[in-house]
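A.B. asks: Under the numbering used here, the first residue of the sequence shown is numbered 4, with each subsequent residue one higher.
Glycine included, each C-beta is placed from N, C-alpha and C at the ideal position.
Input: one structure, supplied below.
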Amino acid sequence: MEEGYVKTTIISERVRRIEFYHPSHNALPGKLLVDLVQAIEALEDAPGVVAAVLASAGNRTFCAGANFDELASIQNEDEGFEFFSGFANIINACRTSSKLIVGRVQGKAVGGGVGLAAAADVCIATESSAVRLSELAIGIGPFVIGPAVERKVGKAAFEGMAWNPEQWYEATWAKEKGLYHEVYEDIDQLDQAIEIFLARIASYHPAAIQALKTVNWEGTEHWSQLLADRARISGNLVLSDFVKHKIRSIQNTIKRQE
């Protein structure tokens with residue numbers, strides 16, 4: 004099976020596109036998590052850039068969250084912590100980046116994929132981009148991504164999602180709650196809207212963009228430690244027999260469908 008990729012392309016002098024892909028519905032193994040962090044951090048080497056689109060390849064699933072094969076291979080607490088820290092590091096990279104991170108969500112987002120959408124400064128989606136926090140159903144919880152999701156949708160909405168891991172929430176709901184800033188009928192309209200938005204952003208004062216982003220993220224300065232603590236919770240839970248059984252069951256279901 005292909006290993007997937009993360010690549011950065013130039014949209015314009017002031018805008019970049021960071022795209023990730025994995026054949027398992029854009030689920031993210033550890034290597035791609037690291038590569039995404041590095042791609043986001045590398046934006047700081049381009050002082051003329053003011054914004055970056057965070058996108059996935061394909062036209063169906065934005066991101067299915069954690070890669071189940073890698074989850075199944077975790078053998079100890081250190082490995083568990085390292086894996087879940089990958090999602091924490093992406094959220095923190097988006098949070099601390101001096102660039103405006105624009106999420107392009109063209110399809111469904113599950114678990115960590117919802118966290119990626121929430122970590123973006125602005126997130127624009129299609130009508131087919133339903134969201135689900137599936138973690139509790141496999142025996143863990145949305146611990147690492149929780150602060151980012153809650154920051155966007157509010158505590159009550161986040162709790163509702165977390166306690167209903169098998170329920171899909173439509174894109175219109177996500178827009179009403181603030182996870183998505185705009186929702187469009189299809190991918191063509193989505194990309195056109197993002198292009199127009201980024202053209203406007205590129206014309207604004209870079210220092211003002213950076214200052215506004217800093218203000219918008221006020222109150223999250225403790226997240227580096229908070230998300231690390233959350234990663235340790237998930238890393239411990241994933242070692243339980245309950246979770247291992249659930250993951251094997253899901254893997255078997257996926258194999259039967261292939």
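Ignoring anything shorter than 3 residues, give me the beta strand (DSSP E) runs that lie fully in the segment 129-212, in order along the chain.
C.D. replies: DSSP runs (the beta strand (DSSP E)) wholly in the segment 129-212: 185-187.
A.B. asks: Figure out for me which residue from CYS97, HIS248, GLU221 has the closest Cα to the Cα of LEU119.
C.D. replies: Within the sequence shown, the letter at position 116 stands for residue 119. That would be CYS97, whose Cα lies nearest to the Cα of LEU119.
A.B. asks: Taking the continuous alpha helix (DSSP H) assigned at SER100, which residues delimit it?
C.D. replies: Along the sequence shown, one-based indexing puts residue 100 at 97. Note, SER100: premise wrong, no alpha helix (DSSP H); not H, not E.
A.B. asks: To the nearest angstrom, how far is it from the Cα of ARG235 to the Cα of SER206?
C.D. replies: Position 232 of the sequence shown holds residue 235. Position 203 of the sequence shown holds residue 206. Rounded to whole angstroms, ARG235 to SER206 spans 42 angstroms at the Cα level.
A.B. asks: Taking GLU138 as the reference, which of LEU242, SER237, ILE104 has the closest Cα?
C.D. replies: On the sequence shown, position 135 is the one that residue 138 refers to. The residue with the shortest Cα to Cα distance from GLU138 is SER237.
A.B. asks: Please return the same chain residues whose Cβ sits closer than 7 angstroms to the Cβ of GLY142, not counting the five positions on each side in sequence.
C.D. replies: As a first step, residue 142 is located in the sequence shown; it is residue number 139 there, counting from the start. Only LEU240, SER243, PHE245, VAL246, LYS249 meet the Cβ criterion.
A.B. asks: Helix, strand or coil: how does DSSP classify LEU242 here?
C.D. replies: Indexing the sequence shown from 1 puts residue 242 at position 239. Three-state DSSP puts LEU242 in coil, outside helix and strand.
A.B. asks: Can you give me the C-alpha to C-alpha distance between GLN195 and ASN95, rounded to a whole angstrom?
C.D. replies: On the sequence shown, residue 195 is found 192 positions in, with the first residue counted as 1. On the sequence shown, residue 95 is found 92 positions in, with the first residue counted as 1. Going by the C-alpha atoms only, they are around 28 angstroms apart.
A.B. asks: Going by DSSP, which residues form a beta bridge with LEU31?
C.D. replies: Taking the sequence shown and counting its residues from 1, one reaches residue 31 at position 28. LEU31 pairs with ALA69.
A.B. asks: Does the Cβ of LEU189 have 16 or more other Cβ atoms within 10 Å, making it buried, or fewer, making it exposed?
C.D. replies: Position 186 of the sequence shown, counted from the start, is the residue given in the question as residue 189. In the sequence as presented, Leu is not what sits at residue 189; that position holds Asp. Exposed, because fewer than 16 other Cβ atoms sit within 10 Å of the Cβ of ASP189.
A.B. asks: Would you kindly check if the distance between the Cβ of HIS184 and the Cβ of ILE148 is under 7 angstroms?
C.D. replies: Numbered from its first residue, the sequence shown carries residue 148 at position 145. Numbered from its first residue, the sequence shown carries residue 184 at position 181. Going by C-beta atoms, ILE148 is not nearer than 7 angstroms to HIS184.
A.B. asks: Ordered along the chain, which non-local residues of its own chain (more than five positions away) have a Cβ less than 6 angstroms from that of LYS178?
C.D. replies: As a first step, residue 178 is located in the sequence shown; it is residue number 175 there, counting from the start. Within the same chain, LYS178 has close Cβ partners VAL186.
A.B. asks: Do ASN92 and LEU31 count as a contact pair if the criterion is CB distance below 7 angstroms?
C.D. replies: Here residue 31 is taken as the residue at index 28 of the sequence shown, counted from 1. Here residue 92 is taken as the residue at index 89 of the sequence shown, counted from 1. Against a cut-off of 7 angstroms, the Cβ pair of ASN92 and LEU31 comes out as no contact.
A.B. asks: Under 7 angstroms, do VAL108 and SER131 count as touching if we go by C-beta distance?
C.D. replies: Position 105 of the sequence shown, counted from the start, is the residue given in the question as residue 108. Position 128 of the sequence shown, counted from the start, is the residue given in the question as residue 131. Contact flag unset, no.
A.B. asks: Is it buried or exposed for TYR8, if we count other Cβ within 10 angstroms and need 16 for buried?
C.D. replies: By one-based count along the sequence shown, residue 8 stands at place 5. Per the 10 Å Cβ criterion, exposed.
A.B. asks: With DSSP as the reference, identify every bridge partner of PHE23, one or two as the case may be.
C.D. replies: Here residue 23 refers to the residue found at position 20 when the sequence shown is read from its first residue. In the DSSP output, where bridge partners are listed per residue, PHE23 has VAL9, SER59.
A.B. asks: Output yes or no for whether 7 angstroms exceeds the beta carbon distance between GLY33 and GLU73.
C.D. replies: Locating residue 33 in the sequence shown gives position 30, where the first residue counts as 1. Locating residue 73 in the sequence shown gives position 70, where the first residue counts as 1. The answer is yes: Cβ separation under 7 angstroms.
A.B. asks: What is the residue span of the alpha helix (DSSP H) that ALA122 lies within?
C.D. replies: Residue mapping note: residue 122 aligns to position 119 of the sequence shown, counting from 1. Residues 115-122.
A.B. asks: Going by alpha carbons, who is nearest to GLU224 out of ALA140, TRP166, PRO150, PHE90?
C.D. replies: Start at 1 with the first residue of the sequence shown, and residue 224 comes out as number 221. Of the listed residues, the one whose Cα sits closest to GLU224 is PRO150.
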